[in-house]
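Take a look at the structure below.
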Amino acid sequence: MYRSQVKNVPEDAAPYQVSVQMIISGEFTHFCGGAIISTEFVLTAAECTQGKEAEDLRILVGTNNLSSGGTTYDIDLIIEHYAYNPDTFNHDLSLLRVSEDIQFNESVNQILLAEEGEEGIRCILSGWGNTDENGENSDILQYIIVDILTLRQCQQELSDVAVVTEEEICAEATTDESLGSCVGDIGAPLLRFLDGKLVGIKSGTIGCNQTNPYLFASIAAENNYSWIDIETYANRRNITNM
Numbered sequence: 002m003y004r005s006q007v008k009n010v011p012e013d014a015a016p017y018q019v020s021v022q023m024i025i026s027g028e029f030t031h032f033c034g035g036a037i038i039s040t041e042f043v044l045t046a047a048e049c050t051q052g053k054e055a056e057d058l059r060i061l062v063g064t065n066n067l068s069s070g071g072t073t074y075d076i077d078l079i080i081e082h083y084a085y086n087p088d089t090f091n092h093d094l095s096l097l098r099v100s101e102d103i104q105f106n107e108s109v110n111q112i113l114l115a116e117e118g119e120e121g122i123r124c125i126l127s128g129w130g131n132t133d134e135n136g137e138n139s140d141i142l143q144y145i146i147v148d149i150l151t152l153r154q155c156q157q158e159l160s161d162v163a164v165v166t167e168e169e170i171c172a173e174a175t176t177d178e179s180l181g182s183c184v185g186d187i188g189a190p191l192l193r194f195l196d197g198k199l200v201g202i203k204s205g206t207i208g209c210n211q212t213n214p215y216l217f218a219s220i221a222a223e224n225n226y227s228w229i230d231i232e233t234y235a236n237r238r239n240i241t242n243m
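In our numbering, the protein residues as written are 2 to 243.
Structure, rendered in structure tokens:
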């Protein structure tokens, strides 16, 4: 994440957090975020998976440091939201199925999905995104505090860069306007303070150090929540491997 005042996530405070990695210059490298939603599935952004094969990706869980610790899991299935539109960022969601069950412990666990969204609610956005627009990913998991805006506010402020519908939500930083998400934060989870549930997945980044609100796919939106529920049930490994 790009910010003037870095805040690191305390160890084991975000056990649902995932680094989605792909092979770059011969090595697996972080390029997107994600969230563990079951022992079999991780939720990320469709922008992160477009044009990629499952064998090109893996996830890292159980660590706040990209350079040490944690456990990696291979991906055996990618399921992009059927209505994803890369031109408008609508329905920017993708499911990754791991090749073996994720083992839960104090450092690794799933996050529950929000069944309703509320405007004005305070949330936490966390990720390993670039520390500046032309820089490298942060090695340490970082976070910012944001507030969810009304749909009307979001539509007005992003009218030049995105088509915002009821399937998306926007949030803006509560402090310094130079705090924000950057390359590598796409797919990152938005966690609601109130109950610790997942309310959004970070959509396409509109530059770094942006003064625009940040755009997310809304988990509670009917076409998103039901899609997650249906696809995770229908694509369980014990079903598809029979």
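Glycine included, C-beta positions come from ideal geometry on N, C-alpha and C.
Fill in: DSSP bridge partner residues for His31 (one or two, in chain order)
Gln22
Item to complete: Keeping to the same chain, check which residues put their C-beta closer than 6 Å to that of Asp75; ignore five residues upstream and five downstream.
Response: Arg59, Ser100
Item to complete: Write down the C-beta distance between Asp35 and Gly197 rounded to the nearest angstrom, noting that I regard them as a contact closer than 8 Å.
Response: According to the sequence displayed, residue 35 carries Gly and not Asp. Gly35 to Gly197, Cβ: 17 Å. No contact.
Worksheet item: What are the start and end residues of each continuous alpha helix (DSSP H) run of 4 or more residues lying completely inside the stretch 61-85, in chain order?
Response: none
Worksheet entry | Straight-line Cα distance separating Ile38 from Leu113 | A straight-line Cα-Cα distance of about 7 Å links Leu113 and Ile38.
Worksheet item: Which partner residues does Phe42 have in the DSSP bridge list?
Response: Arg98
Worksheet item: Taking C-beta to C-beta, are Gln143 and Asn225 nearer than 9 Å?
Response: no
Worksheet item: Using DSSP with H/G/I as helix, E/B as strand and the rest coil, what is Glu56?
Response: helix
Fill in: When Gln157, Trp228, Thr64, Thr30 are compared against Leu44, the one with the closest alpha-carbon
Trp228
Discussion item. If you measure between the beta carbons of Ala218 and Asp93, is that distance less than 9 Å?
Written reply: yes
Worksheet item: Would DSSP call Ser179 helix, strand or coil?
Response: With a pLDDT of 46 at Ser179, under the threshold of 50, the modelled position of this residue cannot be trusted; read the value that follows with caution. Ser179 falls in the coil class under three-state DSSP.
Worksheet item: Would you call Ile170 buried or exposed, if buried means 16 or more other Cβ atoms sit within 10 Å of its Cβ?
Response: Flag for Ile170 reads buried.
Worksheet item: Do you know whose CA, among Ser204, Thr151, Ile141, lies nearest Glu12's CA?
Response: Ile141
Fill in: Proximity test, Cβ basis, 9 Å: Leu142 and chain C
No chain C appears in the structure shown, which is made up of a single protein chain.
Discussion item. Can you confirm whether the stretch 45-55 touches the stretch 112-127 when touching is taken to mean that 3 or more C-beta pairs between the two stretches lie within less than 8 Å?
Written reply: The stretch 112-127, when compared against the stretch 45-55, does not touch it at the 8 Å Cβ threshold.
Worksheet item: Alpha carbon to alpha carbon, what distance is there between Pro190 and Ile122?
Response: 15 Å
Discussion item. Spatial neighbours of Glu193 within its chain, please: C-beta separation below 7 Å, excluding the five flanking residues on both sides.
Written reply: Residue identity differs from the one stated: residue 193 is Arg in this sequence, not Glu. Ala115, Ile122, Cys124, Val200, listed in sequence order.
Worksheet item: What do you reckon, are the CB atoms on Ser204 and Phe90 nearer than 9 Å?
Response: yes
Worksheet entry | Check whether Gln104 and Thr72 have beta carbons under 9 Å apart | yes
Practice prompt. Measure how close the beta-carbons of Ser109 and Leu126 come, nearest whole angstrom, since I'm counting them as under 8 Å.
Written response: Contrary to the premise, residue 109 reads as Val rather than Ser in this sequence. Not quite, the Cβ-Cβ distance comes to about 20 Å (not below 8 Å), so this is no contact.
Discussion item. Using the three-state DSSP reduction, which class does Tyr17 fall into: helix, strand or coil?
Written reply: coil
Practice prompt. Identify whether Ile170 lies in helix, strand or coil by the three-state DSSP scheme.
Written response: strand
Discussion item. Short of 6 Å in beta carbon distance, which residues of its chain neighbour Ser68, apart from the five on each side in sequence? Order them along the chain.
Written reply: Excluding residues within five positions, the ones whose Cβ falls inside 6 Å are Asp140.
Worksheet item: Asp186: buried (16+ other C-beta within 10 angstroms of its C-beta) or exposed?
Response: Burial call: buried.
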